[in-house]
Each structure stands twice: as structure tokens, then as C-alpha cells.
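Have a look at the structure below, then the notes.
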Amino acid sequence: MAEGISVKKESDLISWYNQVVIKSEMADFSVVKGFAVYRPYGYEMWERSVEYLDSKFKSIGVKNAYFPLLIPESILSKEKEHIAGFNPEVAWVTIGGDTELDERLAIRPTSETIMYDSYSKWIKSYRDLPLLINQWNTMVRWETKETRLFLRGREVLWQEGHCVFKTAEEADKNARDILNFYKQFLEEMLAVPVIAGKKSQSEKFAGAVTTYTVEAILSNNFMSQAATSHYLGQNFSKPFDIKFLDEKNELQYPFQTSWGISMRSIGIMLLVHGDDKGLVLSPHVAPYQCVIIPIIKEEKDKILEYCSQIESKLKEMGVRVLLDSREEYSPGWKLNEYDLKGVPLKIQIGKRELDNKNLSLKTRINNVQSVMPFSEIGDVKEKLEDIHRSMLEGVREDGKKRIKEESSKENFIKALKESLYIVKASWCGTPECEDKIKNETGATSRLIPLEDEKLINEKCIFCGKEAKVNAYFAKSY
RNA sequence: GGGGUAGUGGUCUAGCUUGGUUAUGACACCAGCCUAGGGCGCUGGUGGCCCUGGGUUCAAAUCCCAGCUACCCCA
1 MAEGISVKKE SDLISWYNQV VIKSEMADFS VVKGFAVYRP YGYEMWERSV EYLDSKFKSI
61 GVKNAYFPLL IPESILSKEK EHIAGFNPEV AWVTIGGDTE LDERLAIRPT SETIMYDSYS
121 KWIKSYRDLP LLINQWNTMV RWETKETRLF LRGREVLWQE GHCVFKTAEE ADKNARDILN
181 FYKQFLEEML AVPVIAGKKS QSEKFAGAVT TYTVEAILSN NFMSQAATSH YLGQNFSKPF
241 DIKFLDEKNE LQYPFQTSWG ISMRSIGIML LVHGDDKGLV LSPHVAPYQC VIIPIIKEEK
301 DKILEYCSQI ESKLKEMGVR VLLDSREEYS PGWKLNEYDL KGVPLKIQIG KRELDNKNLS
361 LKTRINNVQS VMPFSEIGDV KEKLEDIHRS MLEGVREDGK KRIKEESSKE NFIKALKESL
421 YIVKASWCGT PECEDKIKNE TGATSRLIPL EDEKLINEKC IFCGKEAKVN AYFAKSY
């Protein structure tokens, strides 16, 4: 059984994170670097996430499909920027059995190329568009940096959507609509507030025209990219020879999007909400939304019967509930255990509750205790919604305080170097300037707001040239 | 890409400097008893290729080299 967390979240975020993830039995390291084991308690949250997102995608007509794991080098290399971006982290298959392959095969780092090879055969006419396909799979990127459970692996569970449209407007709208789904998912399911924006030239996806992103703010003033959605323009349709005849019988290259969210989103939720006692889960993804802990001194049978009564009532209401009537563990032990596991609501039932026909509730987020008459047990659902809301709003408020508009270069560098706060500043947006910022501070631009904003300053905060946009800067996980 | 730190039953660890009986302790786990409002108590028990491979030595958990894994710092 699990033991407590021995590191404070504030003093060492990564040690704390590893302990929380492993001790709560969400995930574990395997023998291969960067390849994690996701255990039932963690995987169940991913399943819930998949279910939510899948129905969102399907609501706009996206269908699921499956494309091969392996991509021939010649196909992967068709789009120049794309291969240049991914080449350093591709894992290759070069031998089958004991036969050297004529052409090496990439384990997909992402599937644009292999999918668009098929798309070029399928798309002939405007009547074939839009083509809206998604796949749930895993990809492999050979990370050389530290790998982390959920947050950065060499093998990553995710979904990748790949859509094709007649016009640029439709495609760009699709990329933005999907970004909005991601934002909704992160906020409604994981209680993680995010900021939506565009990526800079150097941070965008290799081969994209525009990369849209949603980023979460962390307690150490880092930002973490939770999902991205790319408008690809005709960058892929041209090299892959995807063409359609329009209504006027003219050949056109279509416009494309690709978009993905991975298990990293779960890791971000853990970072954002966890505390020194362990996980703090939103009721919307928690495997158990509440746990009933019997406290037995006398009248054991009556108390247990009352517990079962509460359990079946909650189940009837559609609440995911666990009745832990194991006698070999004390109530105190169980309270700590379910704190570690992040169960949103604990219900303690002893003689007091039995006699008064009520329930003692304790919330995970703030450890507040309250008493509820059994007759009002229907309010538990509402209580769970309250928990989700205060998790979301609490972090949203906290996040706002971590962002500062800045126009002094000196403060900008100091703030980023020491992660004092997230800096919003006006910026020229060039890759050269971004490179220098990264070298000097260790931070990068995380996003540029979607809507045009009034510039904080007319000059770029770093190089002093003409500013083009406002941007958020922070170190990132 | 460069440098550093660590790896001992499931977990955390002692031992390593200065090589030498049966590898230390706590927790967890198993059996039995006892218990219950924030990690109950007692008794007994199971469980180790001391990360892997090589080297030095009469002798290696201990010294040396390499690899693997995790973590940290720098670019």
C-alpha cells in the first residue's frame, strides 16, 4: 500500500510530482527510458478524457480511423520543414527478423505524411470534402532530455485529427474550433484553466502555417502546453499531391488542419492541483468521486448497513462511489490514503451519523467538514459540481496573479531567469530574437493572444526593434 | 551536446571513507490476536544475483572502468 509524500510541492516540484504519481498508483517507470507504465488508476482518467473528447469531435462530423505505425522514409521526407523539424527525434526500424530493410521505416512521430499519402488517393472532387478524420494511437519521439511520467515520454498516447477543406477559411475555423474543444475539455473535465493563443514562428509545428495552442500556468511560474491545433494551409497538399476538382471543373489544392492532445494533459492537471498530501482530482475525471469510510465502535452491523444504503443511493444517482469497509485498516489510515489518491469527497459514517440519520462530508480541496441530512443526499451531486468549480476558479485566480505586463528589459530578463512571474510584453516576434531570449533566460514565448491587442509598448522588449505583437514568456515543461 | 549526483527485500535506508563471520533498521506484506472520529497495538513470520557487465584482489555491496535507469546543473 501507498505511503505518504515526503517532499513538499513548493520546495521541489519534480521530486514531489514523481512521488505523487507513483505512490498514488497512477503510473510507474518501466525498464526503458521514456516508456512509462500507466496503471489502472491513471489510465481510467485517460479513458474518461478520451470519451469526452471523442464525442466532441464526432459532434462536428469527425470519424475515427487507423493508419500504420510505420512510415517509409521517402514518405516522411516529402514536406521539407516537417522532416527537418522531426528528423532529430525519429526512431527508425531498419531490420525485419534478420533481413536489413531496403528503406528504413520511421515509427510515427506524427501521422501527417502517412495519412496524406492516402488522402491523395481518396480526394478527387469537391464532393469528397471536407474530409474529417481522427485517430487515437501512440507516437514515438526520441526525446534526449529528461523524460517524465505523463508530461514528456518517448512513447505518447494521444489523438491526432487530420482534416481537409476546400477553403482556407473553413480550415482555419476548424483549427480554432478544435482548440476551443481542447479548452473546454481542460476546464470542464480537468479543472485546468488555460490561455489560448498562437505560437511564434520558432515555436510552431514543423510544416504549419499557424499553430494554435492552449497553455496552463503552473505554481512555479512555468507554462505548459496542453494541446495544439495547426492550420497547415496548402503546405502538405502540394507535396502530397492532394487535389480536387471544384464546382467550376478546375483543379485545386485543398487546405488542411491537424490537431492533437495527449496524456500530458493529465500530468498538467496533477501539477496544477496536487498538494503536499497527494493528488487533488476533479470529480469529472476522478475514478471515485467519493469514498465512504465507516467508523465502527459499536453497532457494527447497523453502521455498515447504513453505509450500504448511502452507497446504493449514490450509485442510483450516478455518483462513482467506493465503500471501503475493510476492517484491517483504521479510519485515519483510509483518510490519508484517499487524500493521496485525490478522491474529491470523503464521507465518514459512524454512530453519530447513524443516530442522527446524516452524513459527515469532507472535501479534498480545502478539508472542510460539513454535515448533511440523509434526506438531502441528492445534494451530493451539486456538491461535486461546486468542488469542480472552486478548483477551476481557484487556479484561475491564482494564475492571473502570476502574469505581469512588463516593459523593462532588465526586469524581463530577471523575471524569466528566476521564474518570478510570467511576463507579458510587446515583442518583434522574430526567430532571431526568440533564440537570444532563450539563450539568455532559458524561457521562450509561450503564446501570442488570438485577438489583436493594443501593444504594451511600441518597441520589442528585448531587441528594441518595432514590436508586432504582445506575447507571454515563461519557461516550460 | 557538456558536466555532476545517485542506484542495497515492495518503500525509505545503515554499512562504502579504511575490502574480511550470517548485509542494518524502520515501514509495507503474510498469520494470529486486538482495535476504530486523521496513517492503532502486540506476537511470530516471509522476502536480497547489494542495478547490469567487466576489472583489481586470496577476498568486492565496499576500490576502478563501461553501460542502463533516475535526478540536478550548464550550453
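Letter 9 of the first sequence, counting from 1, is numbered 9 in my numbering, and no numbers are missing.
Even for Gly, the Cβ is constructed at its ideal location relative to N, Cα and C.
Grab the span of the alpha helix (DSSP H) containing Glu169 for me, first residue to last.
Ala168 to Glu188
With H, G and I counted as helix, E and B as strand and the rest as coil, what does DSSP make of Met1?
Note on Met1: pLDDT 49, under 50, position unreliable in the model; the coordinate value appears next. Looking at Met1 - three-state DSSP - the assignment turns out to be coil, as it is neither helix nor strand.
Just the C-alpha distance for Ile95 and Pro283, rounded to the nearest angstrom, thanks.
47 Å
Is Ala106 buried or exposed, if buried means 16 or more other CB atoms sit within 10 Å of its CB?
buried
CB of Ala175 within 7 Å of CB of Thr257, strictly:
yes
Which of helix, strand or coil does DSSP assign to Ser229?
strand
Using only CA atoms, which one of His273, Lys454, Ala425 and Ile293 lies nearest to Ala286?
His273
Are Gly161 and Asn134 touching if we call contact CB-CB under 7 Å?
yes
With 16 other CB atoms within 10 Å as the buried threshold, where does Lys341 fall?
buried
Is the region 110-117 touching the region 66-84 in the sense that three or more CB pairs, one from each, lie closer than 8 Å?
yes
Excluding sequence positions up to five away, which residues of its chain have a Cβ less than 8 Å from the Cβ of Leu420?
Asn221 and Lys414
Applying the 10 Å Cβ sphere with the 16-neighbour rule, what's the burial state of Ala226?
buried
Compare the beta carbon distance of Gln543 and Pro344 with 7 Å and say whether it is the shorter of the two.
In the structure as shown, the chain begins at 1 and stops at 477. Residue 543 is therefore absent and cannot be evaluated.
Boundaries of the beta strand (DSSP E) in which Gly161 is found, first to last residue:
Glu155 to Phe165
Taking Val21 as part of the alpha helix (DSSP H), name the residues at either end of that continuous run.
Leu13 to Lys23
So, is Lys8 buried or exposed, given that buried needs 16 or more other C-beta atoms within 10 angstroms?
exposed
From Tyr477, Thr228 and Leu416, pick the residue whose C-alpha is nearest to that of Arg402; which is it?
Leu416
Could you tell me which residues DSSP pairs with Gly260 in its beta bridges?
Glu160 and Thr228
If we count the other Cβ atoms within 10 Å of its Cβ and call it buried at 16 or more, is Gly464 buried or exposed?
exposed
On the three-pair Cβ rule with 8 Å, is the region 375-382 touching the region 308-319?
yes
Segment contact, 8 Å Cβ cut-off, at least three pairs: the region 180-195 with the region 293-311
no
Taking the beta strand (DSSP E) that Ser445 belongs to, which residues open and close that run?
Thr444 to Pro449
Residues bridged to Leu427 (per DSSP)
For the record, residue 427 in the displayed sequence is Trp; it is not Leu. Val469.
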